[in-house]
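Worksheet for the structure shown next.
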Amino acid sequence: METDFTPWASLAGGAMIGLAAVLLMVVAGRVMGATGILAGALLPTSRDDGAWRWVMIAGMVTAPALYLLATGGWPEITVPVSTPMLLVGGFLVGIGVTFGGGCTSGHGVCGIARFSVRSIVATGVFMVACFATVYVVRHVVGV
Amino acid sequence: MRLVLIFPIGALFGLGIVISGMGNPAKVVNFFDIAGTWDPSLIFVMGGALAVTLVGYRVAVPRERPLFDSSFHLPIAKKVDRRLILGATTFGVGWGIAGFCPGGALPVLGAFDASVWLFTGALIAGILVARLGPGLLARRASA
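For the record, the sequence lines run as chains W and C. Sequential numbering of the first sequence, starting at 2, is according to the working numbering. Sequential numbering of the second sequence, starting at 5, is according to the working numbering.
Following this line, the structure appears as structure tokens:
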């Protein structure tokens, strides 16, 4: 299924993601990794540690409603895979981000911006694995 | 005060995800489908996020401590080990199968699309298994 090329919206959205990462570091001294925030919210080390993570997640989930207010429409969410694949993928992502210590926002944005060698390596590895997986799923297996 | 500020930072992150297209799995998978319906938009998300974060971390972040915390909370791991590589690979495979990453999915939970909740449920299951599983296995082995 084709999607529209949206360089300006993507650049603007990316800049907002970056600005949020900078602000979280300025305000709370924290890396804005979605994986770490979610895992720490589920298994907090203290009440205070859990609190800021749940507030951050609560802020995040208001985004589609804010988008609706601004544009009059819900954001487009098209899932190009079957439900079983979505569940298998989600489970693998959960395993992988835990052992890999982060995801796109944590390693790919905050880690690279901190010049972390671990993050630069991890980002390269998960991008290559993703390119390979999509190729196999779409063009070899042909789902 | 810290929590009051973190909420809008979460909303800014979420809005960035929604506007950039990272919350739409069809766009994410198409970015990785160079041999098929390629949509290069996501390179602009990464570019925008990194440009702001690379500069912002150096210009805006105070040296001594964050504005509303007594110290910075930065990842301390430095080693590129097998755990990091295998974890990042697993994440990349899951990402390619499902099209969602944690940062992409959490904000669009607020759009109340069933597929996002299913993915997030599987993601949480994966995180909990990876975090708690090894400890449970060790306890059983020693019992």
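For each residue, glycine too, the CB sits at the ideal point set by N, CA and C.
Candidates C:116, C:84, C:52, C:126: closest to residue 126 (chain W) by CA position: Looking up residue 126 (chain W) in the first sequence gives position 125. Of the candidates C:116, C:84, C:52, C:126, the one whose C-alpha sits nearest the C-alpha of residue 126 (chain W) is C:84.
Residue 33 (chain C) versus residue 103 (chain C): straight-line alpha-carbon distance, rounded: Mapped onto the second sequence, residue 33 (chain C) falls at position 29. Mapped onto the second sequence, residue 103 (chain C) falls at position 99. Spanning the two alpha carbons is a distance of roughly 5 Å.
For residue 31 (chain W), three-class secondary structure by DSSP: Here residue 31 (chain W) refers to the residue found at position 30 of the first sequence. It is a strand residue.
Cutoff 8 Å: residue 87 (chain C) Cβ touching any chain W Cβ: On the second sequence, residue 87 (chain C) is found 83 positions in, with the first residue counted as 1. Answer yes: the Cβ-Cβ gap between residue 87 (chain C) and chain W drops below 8 Å somewhere.
Reference residue 109 (chain C), options C:6, C:12, C:20, C:73, closest by Cα: Walking along the second sequence from the start, residue 109 (chain C) turns up at place 105. Per the Cα distances, C:20.
Short Cβ contact (8 Å threshold) for residue 35 (chain W) with residue 92 (chain C): Locating residue 35 (chain W) in the first sequence gives position 34, counting from the first residue. Locating residue 92 (chain C) in the second sequence gives position 88, counting from the first residue. In this structure, residue 92 (chain C) does not lie closer than 8 Å to residue 35 (chain W) by Cβ.
Opening and closing residue of the alpha helix (DSSP H) in which residue 128 (chain W) lies: Residue 128 (chain W) sits at position 127 when you count from the first residue of the first sequence. Its alpha helix (DSSP H) spans residues 118-136.
Residues that residue 77 (chain C) bridges to, as DSSP identifies them: Taking the second sequence and counting its residues from 1, the one referred to as residue 77 (chain C) is at position 73. Paired residue(s): W:31.
Inter-residue spacing [alpha-carbon to alpha-carbon] between residue 107 (chain W) and residue 140 (chain W): By 1-based counting over the first sequence, the position of residue 107 (chain W) is 106. By 1-based counting over the first sequence, the position of residue 140 (chain W) is 139. Per the coordinates, the alpha-carbon of residue 107 (chain W) lies some 30 Å from the alpha-carbon of residue 140 (chain W).
Positions along the segment 91-111 of chain C whose CB lies within less than 9 Å of some CB in chain W: From the segment 91-111 of chain C, only 91, 92, 93, 94, 95, 96, 97, 98, 99, 100, 101, 102, 103, 104, 105, 106, 107, 108, 109, 110, 111 have a Cβ closer than 9 Å to chain W.
CA-to-CA distance, residue 112 (chain W) to residue 120 (chain W), given in whole angstroms: In the first sequence, counting from the first residue as 1, residue 120 (chain W) sits at position 119. In the first sequence, counting from the first residue as 1, residue 112 (chain W) sits at position 111. So the two alpha carbons sit approximately 5 Å from each other.
Proximity of residue 100 (chain W) and residue 145 (chain C) at Cβ, strictly below 8 Å: In the first sequence, residue 100 (chain W) corresponds to position 99, counting from 1. In the second sequence, residue 145 (chain C) corresponds to position 141, counting from 1. No, the pair does not count as a contact, with Cβ atoms beyond the cut-off.
Per-residue burial, residue 33 (chain W) [other beta carbons within 10 Å of its own, 16 or more giving buried]: By 1-based counting over the first sequence, the position of residue 33 (chain W) is 32. So residue 33 (chain W) counts as buried.
Span of the alpha helix (DSSP H) around residue 47 (chain C): Translated into positions along the second sequence, residue 47 (chain C) becomes position 43. Looking at the DSSP string, the run of the alpha helix (DSSP H) that includes residue 47 (chain C) is 45-63.
The segment 43-60 of chain W: positions lying closer than 7 Å to chain C by Cβ: 43, 44, 52, 53, 56, 57, 58, 59, 60
Distance between residue 23 (chain C) and residue 72 (chain W) (C-alpha atoms, nearest Å): Your numbering for residue 72 (chain W) matches position 71 in the first sequence. Your numbering for residue 23 (chain C) matches position 19 in the second sequence. Counting only the Cα atoms, residue 23 (chain C) lies some 11 Å from residue 72 (chain W).
Of the listed residues W:14, W:77, W:138, W:46, nearest to residue 54 (chain C) (C-alpha basis): Translated into positions along the second sequence, residue 54 (chain C) becomes position 50. Considering only alpha carbons, the answer is W:14.
Where residue 142 (chain W) meets chain C, residues with beta-carbon distance less than 7 Å: What you label residue 142 (chain W) is simply residue 141 of the first sequence in a count that begins at 1. Ordered by position in chain C, no residue passes the 7 Å Cβ test against residue 142 (chain W), which lies about 11 Å from the chain.
Residue 78 (chain W) in three-state terms, based on DSSP: Position 77 of the first sequence holds residue 78 (chain W). It is coil, neither helix nor strand.
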